[in-house]
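Numbering (this note's numbering), first residue to last: -17 to 266.
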């Protein structure tokens, strides 16, 4: 069992603003060949992120913080976009494919797991991180130590996420699923006793536990999957190779490790060292 502190929430408020200055492209320069204007129009780029995930993608007024945001800024800079040319747009799990297909965003950095089903309708670059699915439960819960213990219990996940269905299919057929539009709503259901557990990736759950702030939640600490976070792209995009090169550069120059540490400090969380940092997969 891992104990989580408020450090993650505090660090989520410190955006890795310097990351965008680490790339090779000149700040304020013209976008590289193949870069798109997207929903921002002109020379801008529109990037989909989550708005409700402390430590990953969090909106606080006009500020956007978290590891996904830091990677997005770094990659955008490598593609030739300065930070003030980026427009961030909320990309809920259930809407991500449609947003890419409709041209609402140019790319998505939103804890977006690469799956074969999704690759049928969109493209991915990356992965830039490999998480593991886990469970968030009440701090005094001793009955749930893994997904197999959810038989007959109530489980919350976000609409459009694959996490809850994976548990129902592979571990506990009798689990009762509750879907909510965002993770904050799932945490509310958990603290109110409406569900027994919340499931998603371990790094997300760490942020939720820290953000809750009163120590009454815990991450089980028994991950049971590999979730490769990719950069969602419209089908047929020509940006995959350039994005993979940017991710590789971010890993090699140390900015990736700095971003992970900055956005998880105090959460007693360490990424799986056997899987991270990842090597981006060849573009199709």
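All residues carry an ideal CB built from backbone N, CA and C; glycine is no exception.
Predicted, not measured: the structure shown is a model, and the values here were computed from it.
Using beta-carbon positions only, say whether residue i and residue j come within less than 9 Å of one another.
i           : j           : result
residue 171 : residue 138 : yes
residue 106 : residue 51  : no
residue 174 : residue 161 : no
residue 121 : residue 198 : yes
residue 61  : residue 189 : no
residue 237 : residue 56  : yes
residue 259 : residue 239 : yes
residue 133 : residue 155 : yes
residue 89  : residue 43  : no
Using a Cβ-Cβ cutoff of less than 6 Å, which residues in the same chain neighbour residue i once the five nearest sequence positions on both sides are dropped?
i           : result
residue 216 : 82
residue 187 : 116, 118, 201
residue 33  : 41, 72
residue 204 : 128
residue 168 : 138, 162, 180
residue 144 : none
To the nearest angstrom, how far is the alpha carbon of residue i from that of residue j?
i           : j           : result
residue 176 : residue 135 : 10 Å
residue 165 : residue 207 : 19 Å
residue 231 : residue 54  : 13 Å
residue 125 : residue 141 : 26 Å
residue 98  : residue 86  : 23 Å
residue 123 : residue 131 : 12 Å
residue 194 : residue 100 : 32 Å
residue 243 : residue 252 : 9 Å
residue 234 : residue 246 : 20 Å
residue 219 : residue 58  : 15 Å
Going along the chain, which residues of its own chain have a beta-carbon closer than 7 Å to the beta-carbon of residue i, five neighbours each way excluded?
i           : result
residue 113 : 183, 184, 185, 209, 211
residue 94  : 78, 211, 212, 214
residue 257 : 112, 208
residue 150 : 157, 159
Is residue i helix, strand or coil when you go by DSSP?
i           : result
residue 163 : coil
residue 242 : helix
residue 138 : strand
residue 28  : strand
residue 38  : coil
residue 205 : coil
residue 105 : strand
Might you give, ordered along the chain, the residues of its own chain that have their beta carbon closer than 8 Å to the beta carbon of residue i, omitting 5 neighbours on each side?
i           : result
residue 108 : 96, 210, 211, 212, 213, 225, 226, 229, 260, 262, 263
Answer yes or no: the CB of residue i versus the heavy atoms of the ligand SAM, is any distance below 8 Å?
i           : result
residue 200 : As for the ligand SAM, it is missing from this structure, which has no ligand bound.
- Query: Quick one: any contact between the region 149 to 160 and the region 224 to 234, if contact means 3 or more CB pairs under 8 Å?
  - Reply: no
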